[in-house]
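Here is the structure we will look at, set down as structure tokens.
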Amino acid sequence: MKRLVLKFGGTSVGSIEKIKNVANIIKEEFSKGREIIVIVSAMSGVTNDLKKKSNLISENFDDKELDVLLSSGEQVSCSLLAGALIDLGLKARSWLGWQIPIVTNINYNSSQILKIKTEEVSKFISNQGVAVIAGFQGISFENRITTLGRGGSDLSAVALAKFFKADSCEIFTDVDGVLTTDPSINNKAKKIDKISYEEMLEMASLGAKVMQPSAVQASMIDDILIHVRSTFSKKPGTKIISENDIDYKKTVTGIAYSKNNAKISLVGVVDKPGVAADVFEPIGSNNINIDMVIQNTSLDGKTANITFTIKQEELKKTLNIIEKNKKKINYQKITHDGRLAKVSIIGAGMITSPGVTHMMFRSLANEKINILAISTSEIKISVLIEENLTQRAVKVLHEAFGLN
Ligand code: ADP
Ligand code: ASP
Ligand code: MG
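For the sequence shown, the numbering used here gives the first residue as 57, with consecutive numbering after it.
Printed below as a string of structure tokens:
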């Protein structure tokens with residue numbers, strides 16, 4: 057018998073009507089004679105509201121208590137959905153992460169799944185039951201509730217598909233699949249039929265919210281085929297699969313962006329071995345992620361300017377760390393800018409197509425969009441620009457690379 061993992065995101069269960077609609081989708085799949093494991097996110101907006109409440113208590117809300125708080129949204133949606141299925145005449149029950157248990161490490165707020173116990177749920181689904189499992193949560197070996205990072209129900213789905221050896225992992229969401237770019241910023245975005253794990257990982261890490269990056273990474277490691285599709289239509293969505301099963305007709309597969317980036321420049325740093333390490337060591341040890349880095353040397357070779365980017369919400373903290381380490385880092389001047397965006401083009405087809413970089417930069421220049429920093433890998437090019445130019449940049453690149 058075919059075993060399916062079906063994950064429904066927050067917008068798919070955003071109201072009572074929508075939960076009833078999801079229950080009908082599940083009933084239809086069940087009536088085809090499949091074993092079904094459902095993973096559900098919190099109703100849309102709920103996790104954000106809970107996060108806001110924690111901030112009202114404290115800006116430094118305890119990370120373990122935050123996981124208890126944030127995971128509560130999924131308890132509501134999974135019981136409502138199980139109840140809706142029972143109301144349709146199906147045998148169903150809900151499970152929270154700790155009840156299964158989904159065991160994670162102690163990296164609270166963005167834990168990794170280590171193990172999932174399968175016996176009880178397996179028995180239930182093989183006896184005609186539909187298992188409804190709360191996404192986004194687990195329990196650590198310290199016996200405390202954990203969560204898997206924002207958007208983490210995707211990771212729950214992939215991990216459950218792995219541990220339960222599912223035939224298919226279907227991610228139901230509010231768009232038709234993975235699109236060439238975010239449709240909320242460009243209505244010319246088109247559905248991609250197939251995308252490789254590598255490209256999807258870049259898209260997700262560079263801002264395409266449709267899949268959580270850790271979920272894509274997990275699916276890539278274990279070769280779990282994912283189907284991203286719409287809750288609101290029956291059309292086939294996007295298959296995330298191995299690169300070998302795709303032939304690349306286009307140079308660029310998709311365009312992603314992330315807002316809320318900040319840039320810090322240290323001007324006139326003495327240019328000697330170890331300076332970059334001196335700058336980044338205290339920042340890294342405070343768990344702040346550095347993204348892009350540019351270093352250039354003055355004409356006389358005595359000083360350097362070091363520019364780097366971080367998330368906007370870490371700007372204040374980072375500036376404080378640099379100030380504290382001023383003696384060691386020894387710079388003449390510091391400047392910063394907190395309203396920047398990173399726009400990226402992604403595509404495995406780039407590897408074999410020369411001229412992509414130049415085409416990207418020329419298209420942006422024609423729109424008078426200034427590039428503040430650049431970073432590249434084999435299958436992506438990212439540029440840093442003013443945040444208010446994001447939509448224009450995405451649109452112009454979407455057209456330039458033939459994605460409209
Ligand atoms: P869910 O609640 O189902 O987990 P998310 O809100 O996390 O859904 O992700 C879906 C959203 O991702 C879409 O509504 C869309 O605005 C956004 N998105 C960003 N980039 C893309 C893309 N390339 N393709 C599809 N959706 C995208
Ligand atoms: N509810 C969680 C969040 O909003 C997990 C998820 O939706 O996947 O991040
Ligand atoms: Mg999501």
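We put the beta carbon where it would ideally sit given N, CA and C, even for glycine. Values in this document were obtained by computation on a predicted structure and should not be read as measured data.
Residue pairing of G194 in beta bridges, as defined by DSSP: T202. Minimum Cα-Cα distance from S261 among the listed residues I72, S438 and V69 corresponds to S438. Remark: the C-beta of K265 is in contact range of ligand 1, defined as less than 7 angstroms to any heavy atom. Boundaries for I248: no alpha helix (DSSP H) harbours it, and the DSSP string shows neither H nor E there.
DSSP, reduced to helix, strand and coil, places V177 within a helical segment of the structure shown. Nearest C-alpha to G233 among L396, F117 and M267: M267. DSSP places R418 outside any beta strand (DSSP E); the residue lies instead in the alpha helix (DSSP H), whose first and last residues are V412 to N422. Looking at the DSSP output, E91 shares a beta bridge with R59.
Here N376 is exposed, its C-beta having fewer than 16 other C-beta atoms within 10 Å. Relative to ligand 3, the nearest heavy atom lies less than 7 angstroms away from the CB of Q268. Three or more pairs of CB atoms, one per stretch, sit closer than 8 angstroms, so the region 344-351 contacts the region 428-438.
The nearest non-hydrogen atom of ligand 3 is less than 7 angstroms from the C-beta of G65.
Straight-line spacing of the CA atoms in S240 and K265 works out to 11 angstroms.
For E198 and I280, the gap between their C-alpha atoms comes out near 29 angstroms. For D393, the uninterrupted beta strand (DSSP E) segment begins and ends at K389 to I402. When K74, G194, N317 and I92 are compared, the shortest CA-CA separation from S127 is found for G194.
With respect to A213, V69 sits apart: the two C-beta atoms are not nearer than 8 angstroms. Y164 sits close to T202, with the two beta carbons spaced by under 8 angstroms. Within the same chain, and ignoring the five residues on either side of V177 in sequence, the residues whose Cβ sits closer than 6 angstroms to its Cβ are A187. Not a single heavy atom of ligand 3 lies less than 7 angstroms from the C-beta of G394. Judged by beta-carbon spacing, L459 lies within the 8 angstroms limit of V308, meaning their Cβ atoms are closer than that value. A direct Cα-to-Cα measurement between G89 and K58 gives close to 8 angstroms. Beta-bridge pairing by DSSP links A264 to no other residue.
In the DSSP assignment, F364 falls within the unbroken beta strand (DSSP E) covering T359 to K367.
Short note on V177: C-beta not closer than 7 angstroms to any heavy atom of ligand 1.
Burial check for S133: the Cβ neighbour count within 10 Å reaches 16 or more, so the residue is buried.
For I377, the three-state secondary structure derived from DSSP is helix. DSSP places F86 in the helix class (H, G or I) of the three-state scheme. Fully contained in the region 88-155 are the following beta strand (DSSP E) runs of length 3 or more, in chain order: 91-96 and 147-151. Distance from the CA atom of L204 to the CA atom of I169, rounded to whole angstroms, is 8 angstroms.
Within its own chain, the residues whose Cβ lies closer than 7 angstroms to the Cβ of F417, once the five positions on either side in sequence are excluded, are I427, listed in chain order. In the DSSP annotation of this structure, the continuous segment of the beta strand (DSSP E) that includes K171 starts and ends at I169 to I172. Bounds of the alpha helix (DSSP H) holding V331 are V331 to S341.
Look at E130: its beta carbon is less than 7 angstroms from one of the heavy atoms in ligand 2. Under the Cβ criterion (8 angstroms, minimum of three pairs), the region 402-415 does not count as touching the region 367-374.
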